[in-house]
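Written below as structure tokens is the structure these notes are about.
2 protein chains.
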Amino acid sequence: MVAQINYTKGFLTPIREGQSTGTYTLDRLPLQRGGLLGPVTLAYETWGTLNALGTNAILVTHALTGDAHAHDSEHPDDAKIAWWNPLIGPGRPIDTDRYFVICSNVLGGCSGSTGPASVDPRTEHPYGMRFPIITIHDMVRAQHTLVEHLEVRQLAAVYGGSIGGQQALAWAVLYPEMVQRVAVIAASGSLTAQGIAFNEVARQAIMADPQWNCGDYAPGRGPATGLSIARMLAMITYQSEESMEQRFGRHAARREEVVSPTAHPDLGGRFDVENYLYHQGESLVQRFDANSYLYLSRAMDLFDISEGFSSLDAALARIRSKALFIGINSDFLFPARHVRTLAERVRQLGGNATYIELASPHGHDAFLKEWAQMTVALQQL
Amino acid sequence: MVAQINYTKGFLTPIREGQSTGTYTLDRLPLQRGGLLGPVTLAYETWGTLNALGTNAILVTHALTGDAHAHDSEHPDDAKIAWWNPLIGPGRPIDTDRYFVICSNVLGGCSGSTGPASVDPRTEHPYGMRFPIITIHDMVRAQHTLVEHLEVRQLAAVYGGSIGGQQALAWAVLYPEMVQRVAVIAASGSLTAQGIAFNEVARQAIMADPQWNCGDYAPGRGPATGLSIARMLAMITYQSEESMEQRFGRHAARREEVVSPTAHPDLGGRFDVENYLYHQGESLVQRFDANSYLYLSRAMDLFDISEGFSSLDAALARIRSKALFIGINSDFLFPARHVRTLAERVRQLGGNATYIELASPHGHDAFLKEWAQMTVALQQL
Chain S
80 MVAQINYTKG FLTPIREGQS TGTYTLDRLP LQRGGLLGPV TLAYETWGTL NALGTNAILV
140 THALTGDAHA HDSEHPDDAK IAWWNPLIGP GRPIDTDRYF VICSNVLGGC SGSTGPASVD
200 PRTEHPYGMR FPIITIHDMV RAQHTLVEHL EVRQLAAVYG GSIGGQQALA WAVLYPEMVQ
260 RVAVIAASGS LTAQGIAFNE VARQAIMADP QWNCGDYAPG RGPATGLSIA RMLAMITYQS
320 EESMEQRFGR HAARREEVVS PTAHPDLGGR FDVENYLYHQ GESLVQRFDA NSYLYLSRAM
380 DLFDISEGFS SLDAALARIR SKALFIGINS DFLFPARHVR TLAERVRQLG GNATYIELAS
440 PHGHDAFLKE WAQMTVALQQ L
Chain L
80 MVAQINYTKG FLTPIREGQS TGTYTLDRLP LQRGGLLGPV TLAYETWGTL NALGTNAILV
140 THALTGDAHA HDSEHPDDAK IAWWNPLIGP GRPIDTDRYF VICSNVLGGC SGSTGPASVD
200 PRTEHPYGMR FPIITIHDMV RAQHTLVEHL EVRQLAAVYG GSIGGQQALA WAVLYPEMVQ
260 RVAVIAASGS LTAQGIAFNE VARQAIMADP QWNCGDYAPG RGPATGLSIA RMLAMITYQS
320 EESMEQRFGR HAARREEVVS PTAHPDLGGR FDVENYLYHQ GESLVQRFDA NSYLYLSRAM
380 DLFDISEGFS SLDAALARIR SKALFIGINS DFLFPARHVR TLAERVRQLG GNATYIELAS
440 PHGHDAFLKE WAQMTVALQQ L
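Protein chains in written order, with the working numbering: chain S, 80 to 460; chain L, 80 to 460.
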């Protein structure tokens with residue numbers, strides 16, 4: 080399906096035994112919506128050792144603003160240092176003693192992989208908005224070339240949540256013979272109208288910032304205000320009414336006050352939830368590229384697992400993997416009932432699909448917080 | 080409680096029998112958060128005739144971007160012409176044959192009442208952000224002076240939804256002897272952390288627009304982009320995941336394409352839901368003032384019915400009205416369980432409170448759409 084790809088030798092830097100970081104570059108990637116992109120570099124990390132047959136690899140796919148650093152073997156317990164830390168490691172659900180675990184920064188990202196902030200070789204300037212529209216399928220096809228480059232013949236599993244869950248699902252549909260098990264977490268076959276709407280408000284906020292300048296800005300001088308506002312909104316959709324009520328309620332700001340995205344004075348005081356959101360906005364600006372945010376959130380919107388197939392059933396019937404679908408009862412970005420319906424459909428089509436629902440007040444983000452429930456759930460696969 | 084108010088004669092313009100529009104100006108209004116505002120003008124409309132005792136009046140309070148035109152006796156069936164049209168009129172739940180119905184544009188609004196766009200007599204320039212912080216209590220106290228000016232001695236009922244529901248609740252608590260019946264619809268004693276968070280994202284989007292200019296802009300030259308984005312977000316929170324899915328799903332834009340707030344090209348096509356939100360944003364910009372949006376949404380956040388009393392119970396125990404609380408099962412801005420809990424609390428405190436839940440996919444906006452259910456519900460009062 081991915082034709083005419085010439086492999087360029089990647090760089091693999093061993094950090095310590097069983098953990099390495101690397102980059103891999105392919106000359107060009109044909110894109111689902113047309114055109115070729117190249118060269119395409121993917122930054123990745125691995126943990127554990129690939130067996131001689133190349134059959135014990137696990138691919139982990141990250142969420143919207145995540146990166147390849149899913150696990151940190153030096154600080155294996157702190158989820159702030161590596162986003163899925165508690166689930167990965169020796170004896171953990173994603174067991175690095177038994178498996179060769181791979182996580183790559185997504186195509187279109189800004190943590191080492193090719194994205195809108197990368198230099199376009201044709202112009203020697205950053206792509207900016209000249210970056211092509213990319214889709215979940217493109218991300219998965221790029222990961223597929225990486226996995227083959229790493230001499231993986233069979234993926235023992237693909238695990239991902241949110242936009243990473245969309246990728247996991249696409250893996251199972253696009254490469255059914257290669258994926259033995261798949262966990263699709265807090266994701267479904269396509270985003271809801273409400274989800275698209277939230278994403279578009281966030282994008283408009285970014286593009287409304289004069290510093291965005293149609294996507295042409297120097298590194299570190301991007302639309303900080305717009306990206307902060309986008310992040311504030313996104314953070315609401317990753318939580319739930321209940322968890323925000325528990326955590327913030329109507330308390331006045333209790334921590335050190337940070338500057339709001341617009342830096343305008345508070346109107347009659349500041350609520351704790353506002354201060355928290357300002358902080359989240361500011362943090363994202365330090366580590367994320369606004370154009371990447373536009374492209375990746377759009378890929379999330381555009382994803383429809385049926386695209387390119389005659390029907391949704393035709394797409395889902397391709398799945399050969401043992402599949403685990405995990406919904407979250409308080410998730411309103413990817414409502415649990417859509418995840419459950421997807422699992423049921425796969426099973427009705429003859430697939431081996433299980434559905435587990437996390438009971439959590441944490442909303443969409445529960446797959447990054449509910450370590451005990453996630454551990455139990457992943458062990459079902 | 081409202082001391083030293085000097086009444087200025089208002090203007091009352093009869094339109095046709097039983098319907099009139101007017102303005103009423105009071106010299107100054109002491110504000111809950113301190114200071115005096117004045118003069119304060121309220122634009123209002125009335126339908127029906129006040130009886131000689133002044134005891135058959137009904138006050139209707141409007142939602143965030145609403146106005147005094149709750150009913151149009153010339154076009155009594157079109158909710159686009161007047162926002163509560165189908166509920167008001169001869170023989171309807173708010174029966175203009177029996178009652179003298181009043182609706183005034185809220186303090187801080189921009190449809191005839193004093194708000195940030197009004198001229199500050201001290202400077203002879205619009206208030207802009209020099210307008211003081213106003214609260215729901217201030218709005219209600221201003222309405223109280225209007226109602227007294229109209230020679231109403233007893234309100235047979237106060238009805239309101241959303242921020243109008245907050246006002247209705249405040250009426251019952253602040254003026255218990257004056258309000259015989261009250262309907263608090265899609266509103267509770269205070270907004271959730273999530274609700275505050277959504278409002279603050281919207282406000283940041285407005286203030287991030289360079290055209291906002293710290294609130295100083297000429298009429299018609301305000302922050303159109305920021306206000307549009309704010310409205311896009313608000314429109315999501317007024318609906319539900321289910322209703323948006325039913326209405327828009329993942330369809331491509333099906334109506335005439337409107338310009339997005341930022342006017343930047345679409346990223347890989349346009350979804351119908353996006354086009355709809357752009358249209359909603361554009362429409363609000365035509366009729367609403369951005370600074371009013373900031374102040375009114377902030378009043379919604381700041382509202383806590385317990386404020387000024389020793390406890391929530393102390394506030395609610397003041398209610399003497401027969402009270403109807405209406406929640407909406409799909410409302411996520413004012414979740415039904417909070418409305419129900421409030422009703423239960425009033426009843427536990429000895430009040431005469433009934434709770435009715437609308438079963439509707441329309442989310443918060445159901446009180447502006449579910450006419451049959453609303454008719455039945457209001458008849459319970």
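Beta carbons: idealized from backbone N, C-alpha and C, even for Gly.
message: For W126 of chain S, which residues in the same chain have their Cβ closer than 7 Å to its Cβ, ignoring the five residues on either side in sequence?
response: If you number the first sequence from 1, residue 126 of chain S lands on position 47. So the list reads G97, Q98, H150, S152, I167, T175, V180, once near-sequence residues are dropped.
- prompt: Rounded C-beta distance between A196 of chain S and S439 of chain S? I'm assuming under 8 Å.
  reply: For the purposes of this step, residue 196 of chain S is taken as residue 117 along the first sequence, with counting starting at 1. For the purposes of this step, residue 439 of chain S is taken as residue 360 along the first sequence, with counting starting at 1. Not really, about 34 Å apart at Cβ, beyond 8 Å.
task: State the start and end residues of the unbroken beta strand (DSSP E) segment that holds S99 of chain L.
output: The residue given as residue 99 of chain L occupies position 20 in the second sequence. In the DSSP assignment, S99 of chain L falls within the unbroken beta strand (DSSP E) covering 98 to 105.
- prompt: With 16 other CB atoms within 10 Å as the buried threshold, where does E124 of chain L fall?
  reply: Position 45 of the second sequence holds residue 124 of chain L. Buried, by the Cβ-count rule.
- prompt: Taking Cβ positions, are I212 of chain L and G347 of chain S nearer each other than 8 Å?
  reply: Position 133 of the second sequence holds residue 212 of chain L. Position 268 of the first sequence holds residue 347 of chain S. In contact: I212 of chain L and G347 of chain S (Cβ atoms closer than 8 Å).
task: Put N354 of chain S into one of helix, strand or coil per three-state DSSP.
output: Taking the first sequence and counting its residues from 1, the one referred to as residue 354 of chain S is at position 275. In this structure, N354 of chain S counts as helix in the three-state DSSP scheme.
Inter-residue spacing [alpha-carbon to alpha-carbon] between Q359 of chain L and A309 of chain L: Position 280 of the second sequence, counted from the first residue, corresponds to residue 359 of chain L. Position 230 of the second sequence, counted from the first residue, corresponds to residue 309 of chain L. When rounded, the distance between both Cα atoms is 10 Å.
query: What residues are listed by DSSP as bridge partners for F179 of chain S?
result: Here residue 179 of chain S refers to the residue found at position 100 when the first sequence is read from its first residue. Answer is S:A136, bridged to F179 of chain S.
Within-8 Å CB hit, P340 of chain L to chain S: Within the second sequence, the letter at position 261 stands for residue 340 of chain L. Yes - at least one Cβ of chain S is within 8 Å of the one on P340 of chain L.
- request: On a CA-only basis, which of S:Y178, S:A266, S:N164, S:G239 is nearest A422 of chain S? Give me that one, please.
  value: By one-based count along the first sequence, residue 422 of chain S stands at place 343. Of the candidates S:Y178, S:A266, S:N164, S:G239, the one whose C-alpha sits nearest the C-alpha of A422 of chain S is S:A266.
- prompt: Under a three-way DSSP split, which group does T420 of chain S fall into?
  reply: As a working note, residue 420 of chain S is residue 341 in the first sequence. Reduced to three states, the DSSP call for T420 of chain S is helix.
field: Cβ shell of A396 of chain L (< 7 Å), same chain only, five flanking positions each side left out
entry: Along the second sequence, one-based indexing puts residue 396 of chain L at 317. Taken in chain order, the residues that qualify are L428.
task: Using 10 angstroms around the beta-carbon of T33 of chain L, count the other beta-carbons present and answer buried if the total reaches 16, otherwise exposed.
output: There is no way to answer for residue 33 of chain L, as the model of chain L reaches only from 80 to 460.
- request: Taking only the alpha-carbon atoms, compute the straight-line gap between L217 of chain L and L248 of chain L and give it to the nearest angstrom.
  value: As a working note, residue 217 of chain L is residue 138 in the second sequence. As a working note, residue 248 of chain L is residue 169 in the second sequence. Residue identity check: residue 217 of chain L is Asp in the sequence provided, not Leu. Each residue's Cα considered, the two are about 13 Å apart.
- request: Give every residue of the same chain whose Cβ lies closer than 6 Å to the Cβ of G268 of chain S, excluding the five residues on either side of it in the sequence, and list them in chain order.
  value: Sequence index remark: in the first sequence, residue 268 of chain S carries index 189 (1-based). Closer than 6 Å at Cβ, skipping near neighbours: I384, L421.
- prompt: Can you tell me whether I398 of chain S is buried or exposed, with buried defined as 16 or more other CB within 10 angstroms of its CB?
  reply: Residue 398 of chain S sits at position 319 when you count from the first residue of the first sequence. Per the 10 Å Cβ criterion, buried.
- prompt: Y238 of chain L bridges to which residues according to DSSP?
  reply: Taking the first residue of the second sequence as 1, we reach residue 238 of chain L at position 159. Answer by DSSP bridge pairing, in chain order: L:V139, L:A262.
task: Using DSSP bridges, identify the partner residues of L403 of chain S.
output: Residue 403 of chain S sits at position 324 when you count from the first residue of the first sequence. In DSSP, L403 of chain S forms a bridge with S:A262, S:T433.
- prompt: Where do the N-terminal and C-terminal ends of the alpha helix (DSSP H) with W450 of chain L fall, by residue?
  reply: The residue labelled residue 450 of chain L in the question sits at position 371 within the second sequence. Annotation: the continuous alpha helix (DSSP H) that includes W450 of chain L extends over 450 to 458.
- prompt: How would you label R334 of chain S, buried or exposed, when you count the other beta carbons within 10 angstroms and need 16 or more for buried?
  reply: As a first step, residue 334 of chain S must be located in the first sequence, where it is residue number 255. With fewer than 16 Cβ atoms within 10 Å of its Cβ, R334 of chain S is classed as exposed.
- request: Check whether the Cβ atoms of A221 of chain L and V119 of chain L lie closer than 8 Å to each other.
  value: Mapped onto the second sequence, residue 221 of chain L falls at position 142. Mapped onto the second sequence, residue 119 of chain L falls at position 40. Against a cut-off of 8 Å, the Cβ pair of V119 of chain L and A221 of chain L comes out as a contact.
- prompt: Can you check whether the CB of T454 of chain L is closer than 8 Å to the CB of P172 of chain L?
  reply: For the purposes of this step, residue 172 of chain L is taken as the residue at position 93 of the second sequence. For the purposes of this step, residue 454 of chain L is taken as the residue at position 375 of the second sequence. It is a contact, given that the beta carbons lie within the stated cut-off.
query: Touch check for the segment 233 to 251 of chain L and the segment 272 to 292 of chain L: three-plus C-beta pairs under 8 Å?
result: no
task: Would you mind telling me which residues of chain S sit closer than 7 Å to D288 of chain L, beta carbon to beta carbon, in chain order?
output: By 1-based counting over the second sequence, the position of residue 288 of chain L is 209. Chain S residues near D288 of chain L: A287.
- prompt: Residues in its own chain within less than 7 Å of V280 of chain S by CB, not counting five upstream and five downstream?
  reply: Taking the first sequence and counting its residues from 1, the one referred to as residue 280 of chain S is at position 201. Closer than 7 Å at Cβ, skipping near neighbours: L312.
message: What does the Cβ neighbour count give for E230 of chain S, buried or exposed, with the cut at 16 atoms within 10 Å?
response: Residue mapping note: residue 230 of chain S aligns to position 151 of the first sequence, counting from 1. Exposed is the call here.
- prompt: Going by alpha carbons, who is nearest to N135 of chain S out of S:E436, S:T316, S:V226, S:A272?
  reply: One-based indexing of the first sequence puts residue 135 of chain S at position 56. Checked all of S:E436, S:T316, S:V226, S:A272; the closest Cα to N135 of chain S is S:V226.
- request: Would you list the residues sitting across from A122 of chain L in a DSSP beta bridge?
  value: If you number the second sequence from 1, residue 122 of chain L lands on position 43. In DSSP, A122 of chain L forms a bridge with L:T102.
field: Proximity of G442 of chain S and S409 of chain S at Cβ, strictly below 8 Å
entry: Translated into the one-based positions of the first sequence, residue 442 of chain S becomes position 363. Translated into the one-based positions of the first sequence, residue 409 of chain S becomes position 330. Yes, the Cβ-Cβ distance between G442 of chain S and S409 of chain S is below 8 Å.
query: Is Y86 of chain S helix, strand or coil when you go by DSSP?
result: Numbered from 1 along the first sequence, position 7 holds the residue referred to as residue 86 of chain S. Here Y86 of chain S scores only 37 on pLDDT, less than 50, and its place in the model should not be relied on; the value that follows carries that caveat. In the structure shown, Y86 of chain S sits in a strand (DSSP, three-state: E or B).
field: Three-state class that DSSP yields for P298 of chain L in the structure shown
entry: Counting from 1 along the second sequence, the entry for residue 298 of chain L is found at position 219. Residue state, collapsed to three classes: coil.
query: If we call anything under 8 Å between Cβ atoms a contact, is G244 of chain L one with V263 of chain L?
result: Counting from one through the second sequence, the residue named residue 244 of chain L turns up at place 165. Counting from one through the second sequence, the residue named residue 263 of chain L turns up at place 184. Closer than 8 Å, so yes.
field: Segments assigned alpha helix (DSSP H), at least 4 residues, entirely inside the segment 152 to 238 of chain L
entry: Whole alpha helix (DSSP H) segments, 4+ residues: 215 to 228.
message: Against chain L, does T304 of chain S count as a neighbour if the rule is that its beta carbon must be under 8 Å from one of theirs?
response: If you number the first sequence from 1, residue 304 of chain S lands on position 225. Yes, contact with chain L.
task: Look at G406 of chain L and V425 of chain L and say whether their C-beta atoms are less than 8 Å apart.
output: Here residue 406 of chain L refers to the residue found at position 327 when the second sequence is read from its first residue. Here residue 425 of chain L refers to the residue found at position 346 when the second sequence is read from its first residue. No, Cβ-Cβ distance for G406 of chain L and V425 of chain L is not below 8 Å.
task: Measuring only between beta-carbons, confirm whether P440 of chain S sits less than 8 Å from chain L.
output: In the first sequence, the residue the question calls residue 440 of chain S occupies position 361. Residue-level contact check: P440 of chain S does not touch chain L, since none of the beta carbons of chain L fall below 8 Å from its beta carbon.
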